[in-house]
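**Student:** Shown below is the structure under consideration.
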Amino acid sequence: MIKVTIIVPVFNAQSTLAKLLNSIVELNYPKEQLQVLFVDNMSSDKSPDIVRNFGDVELLFETKLQGSYAARNKAIEAAQGEIIAFTDSDCIVSPGWLNEGLEEMMANNIDIVAGNVEFFYEKKSAAEIYDSLVNMQNEINVRERKIGKTANLFVRKHLFNEIGLFDANLRSGGDVEWTKKATDAGFTISYASKAIVYHPARNYKELIIKQVRVGRGQMKLWFKDGKRKKWIANRIFSGFMPVHFKALKVSMLNKDIQPTRFKIISIWLIAWIAKLSTNYGRLTYCIGK
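Following the working numbering, the numbering of the sequence shown begins with 1136 at its first residue and continues without gaps.
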């Protein structure tokens, strides 16, 4: 069996950590071949204490930079595994998560594997449904963009030696940038549908905060990549336009959500607000810059 390092960045996650830790304990993988690294990123709650109470889990601290990519980089440098498996502090991993991800990677000699992120709902509100339709869609990301999200990502460690670590200064989009850089360099990526982690769908407030952060992250990456001002202006202009009903209906059907007229309208309104929030993040980054 291959030595694997699981990496989880942590920031004020005391409400979700126990579920993730318990699910890691239940993994169907030899404990002697597993290294689990949690990196606290200046939490002000009891997150570090919760991690300390679990055996066979190492707790690191990133105190120089606030951001999940800075925290992940801290753990990558301490990782002993040949394979690094990333997930987030609000996720729950399935018992076969590691085995399924590694099987896809080894059987097909793949460099990066993006796993399946399945959402679960608290109230199944319009905001929660929309979040589950658009965020962390690894299957589509791999197929159409050759990227993956760190909520469920497997990477051969030597890739970080060859193309570098995540951009520690990014607060959003660092996984998109890094996996795109890797696949552009010729490294392979695939999707593993059976390598499942479960993620709570965001409520309205959480969704808006997320989309503002996404918008700021997008703008930072666009400037970093040298995008032309006209190209950026066009993206900002399109960000004011509402989402198409038809595209939203298709997305709902693909997720086995029955698109009643009331549900489509309510989710459509949330989608437009979320899109405007992303644009707000873009604009505030420009103003700050």
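The beta carbon of each residue, even a glycine, is placed where N, CA and C say it ideally should be. These figures come from a predicted structure and were not determined experimentally.
Relative to the C-alpha of Asp1391, which residue among Lys1154, Ser1178, Glu1253 is closest?
**Tutor:** Residue numbering aside, residue 1391 sits at position 256 when the sequence shown is read from its first letter. Of the listed residues, the one whose Cα sits closest to Asp1391 is Glu1253.
**Student:** At 3 residues or longer, what runs of the beta strand (DSSP E) sit wholly inside the stretch 1297-1357?
**Tutor:** Fully enclosed beta strand (DSSP E) runs of 3 or longer: 1324-1335.
**Student:** What whole-angstrom Cβ distance do Ser1431 and Gly1352 have, given they're in contact under 8 Å?
**Tutor:** It is not possible to answer for residue 1431, since the shown part of the chain is limited to 1136 through 1424.
**Student:** Could you tell me the distance, in whole angstroms, from the CA atom of Ser1203 to the CA atom of Val1145?
**Tutor:** Position 68 of the sequence shown holds residue 1203. Position 10 of the sequence shown holds residue 1145. The straight-line gap from Cα to Cα measures roughly 8 Å.
**Student:** In angstroms with no decimal places, state the Cα-to-Cα distance between Ala1220 and Arg1187.
**Tutor:** Position 85 of the sequence shown holds residue 1220. Position 52 of the sequence shown holds residue 1187. Distance between the alpha carbons of Ala1220 and Arg1187 is about 20 Å.
**Student:** Nearest to Lys1329 by CA position, among Glu1238, Lys1284, Asn1147, Asn1176, is which residue?
**Tutor:** For the purposes of this step, residue 1329 is taken as residue 194 along the sequence shown, with counting starting at 1. For Lys1329, the nearest C-alpha among the options comes from Glu1238.
**Student:** Who are the Cβ neighbours of Asp1266 in its own chain at under 6 Å, not counting the five residues just before and after it?
**Tutor:** Within the sequence shown, numbered from 1, the residue matching residue 1266 stands at position 131. Same-chain partners within the cutoff: Ala1336, Arg1337, Leu1342.
**Student:** Hey, would you say Lys1181 sits closer than 8 Å to Ile1227, going by beta carbons?
**Tutor:** Locating residue 1181 in the sequence shown gives position 46, where the first residue counts as 1. Locating residue 1227 in the sequence shown gives position 92, where the first residue counts as 1. Contact: no.
**Student:** Of all the options Asp1175, Arg1417, Asn1208, which has the alpha carbon lying nearest to the alpha carbon of Phe1196?
**Tutor:** By 1-based counting over the sequence shown, the position of residue 1196 is 61. The option with the nearest alpha carbon to Phe1196 is Asp1175.
**Student:** Report the option in Gln1168, Val1277, Asn1157, Asn1208 whose CA atom is closest to the CA atom of Gly1440.
**Tutor:** Since the first residue of the chain shown is 1136 and the last is 1424, residue 1440 is not available in this structure.
**Student:** Helix, strand or coil for Val1269 per DSSP?
**Tutor:** What you label residue 1269 is simply residue 134 of the sequence shown in a count that begins at 1. Here Val1269 sits in helix by DSSP.
**Student:** Does DSSP put Phe1255 in a helix, in a strand, or in coil?
**Tutor:** By 1-based counting over the sequence shown, the position of residue 1255 is 120. Correct three-state label for Phe1255: strand.
**Student:** From the DSSP output, in three-state form, read off Gln1168 for me.
**Tutor:** The residue labelled residue 1168 in the question sits at position 33 within the sequence shown. Residue state, collapsed to three classes: helix.
**Student:** Quick check on the burial criterion: 16 or more other C-beta atoms within 10 angstroms. Buried or exposed for Gly1423?
**Tutor:** Position 288 of the sequence shown holds residue 1423. It counts as exposed.
**Student:** Just verifying my parser: in three-state terms, what is the DSSP assignment at Asp1223?
**Tutor:** Position 88 of the sequence shown, counted from the first residue, corresponds to residue 1223. If DSSP states are grouped into helix, strand and coil, Asp1223 belongs with coil.
**Student:** DSSP beta-bridge partners for Arg1280?
**Tutor:** What you label residue 1280 is simply residue 145 of the sequence shown in a count that begins at 1. Arg1280 is not bridged to any residue.
**Student:** Helix, strand or coil: how does DSSP classify Phe1375 here?
**Tutor:** Here the question's residue 1375 lines up with position 240 in the sequence shown. Three-state result, Phe1375: coil.
**Student:** When you compare each of Arg1280, Asn1251, Ala1205 to Lys1271 by their alpha carbons, which one comes out closest?
**Tutor:** Counting from one through the sequence shown, the residue named residue 1271 turns up at place 136. The sequence as given places Met at residue 1271; Lys does not occur at that position. For the residues Arg1280, Asn1251, Ala1205, the minimum Cα distance to Met1271 belongs to Asn1251.
**Student:** List the residues that DSSP assigns as beta-bridge partners of Asn1287.
**Tutor:** Position 152 of the sequence shown, counted from the start, is the residue given in the question as residue 1287. Paired residues: Thr1222.
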